[in-house]
Amino acid sequence: MNINIIKHGRGVPVVFFHGWGFDHHIWLPLIEPLGERYQLILVDLPGFGSTPWLNWSKFKNKLLTQLPASFALVGWSLGGLYAQRLAIEEPSRISSLLSITASPRFIADESWPAVPKEVFNHFYNNLSLDLEKTLKDFIRLQVNKNKIILPLGQRPSSEGLEQGLNTLEQWDLRSALHDLNLPTCFMFARLDPIAPAKIMEAMQKLYPHFDYVFFNRAAHMPFLSHTELFIEEFQRFIK
1 MNINIIKHGR
11 GVPVVFFHGW
21 GFDHHIWLPL
31 IEPLGERYQL
41 ILVDLPGFGS
51 TPWLNWSKFK
61 NKLLTQLPAS
71 FALVGWSLGG
81 LYAQRLAIEE
91 PSRISSLLSI
101 TASPRFIADE
111 SWPAVPKEVF
121 NHFYNNLSLD
131 LEKTLKDFIR
141 LQVNKNKIIL
151 PLGQRPSSEG
161 LEQGLNTLEQ
171 WDLRSALHDL
181 NLPTCFMFAR
191 LDPIAPAKIM
201 EAMQKLYPHF
211 DYVFFNRAAH
221 MPFLSHTELF
231 IEEFQRFIK
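Under my numbering, read the sequence shown as residues 1 to 239, first letter to last.
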């Protein structure tokens with residue numbers, strides 16, 4: 001049982017993890033601007049695209065057998081959480097980490113300005129009541145006022161969606177990030193309602209050794225809404 005991986009381009013290997021509700025297709029608009037300089041290795045996360053649901057340990061162990069010995073790692077949203085955990089647990093395999101609009105803890109608490117628990121619970125409950133509407137509402141929330149044409153892939157499985165939300169609710173990587181020593185960049189955006197911009201302020205205090213990029217006019221998908229600026233920052237960070 002293999003993890004679905006699509007490869008494009010040539011050059012420095014860069015592994016990409018997509019967000020909740022999507023699959024590797026979300027990255028296709030980056031193939032043309034990046035494909036001459038990088039090999040884009042696009043992974044379908046567990047329960048999305050053509051990858052069946054796998055728990056973290058099975059996913060990680062299987063994935064590492066399918067990837068190069070060393071690679072840069074990019075994760076967006078839920079994929080950013082996956083990427084952070086992989087970098088924390090397997091730093092010898094990863095040359096650099098780029099996390100796009102992804103918090104090490106997606107749920108807010110007294111000291112952390114993320115998504116309020118009650119908002120997350122409302123969204124989670126709506127998923128079981130009307131999956132299609134919940135997905136559409138979630139996509140609309142991410143796009144915000146940015147005009148974006150989304151490259152949609154396969155319809156995600158209900159198990160993948162539910163387990164993905166469980167991951168967003170349960171994983172908390174804030175403490176473990178203190179020990180991450182490889183080159184790391186976190187990107188946030190002012191109009192993002194999912195990974196609020198205030199998270200960057202909190203992270204800069206906790207992890208001053210990381211690199212940070214702030215998109216003033218973007219929402220949750222800066223790589224699609226502000227592609228040129230994103231590519232510029234991407235190439236600055238990943239050599």
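We treat Cβ as the ideally placed atom computed from N, Cα and C, and that holds for glycine.
Asked                                                                                                                              : Found
Q66, buried or exposed, once every other Cβ within 10 Å from all chains shown has been counted against 16                          : exposed
Cα-Cα separation between N61 and L129, rounded to whole angstroms                                                                  : 34 angstroms
DSSP three-state assignment for Q84, whether helix, strand or coil                                                                 : helix
H254 burial status per 10 Å Cβ neighbour count (16 or more: buried)                                                                : This structure gives no information on residue 254, because the portion of the chain shown stretches from 1 to 239.
Option nearest Y124 by Cα separation, candidates D137, W56, G47                                                                    : D137
Short Cβ contact (8 angstroms threshold) for L173 with R85                                                                         : yes
CB of F22 within 8 angstroms of CB of F59, strictly                                                                                : no
Cα-Cα separation between L64 and I3, rounded to whole angstroms                                                                    : 10 angstroms
D179 classed as buried or exposed, judged by whether at least 16 other C-beta atoms fall within 10 angstroms                       : exposed
Local Cβ density within 10 Å of S225, reported as buried at 16 or more and exposed below that                                      : buried
Chain-order list of residues whose beta-carbon lies under 6 angstroms from that of I231 (same chain, five-residue window excluded) : P33
Rounded separation between A176 and A87 - CA only                                                                                  : 10 angstroms
Alpha-carbon to alpha-carbon, Q154 and G9                                                                                          : 23 angstroms
Check whether A195 and H220 have beta carbons under 8 angstroms apart                                                              : yes
Counted within 10 angstroms of its Cβ, other Cβ atoms place M187 as buried (16 or more) or exposed                                 : buried
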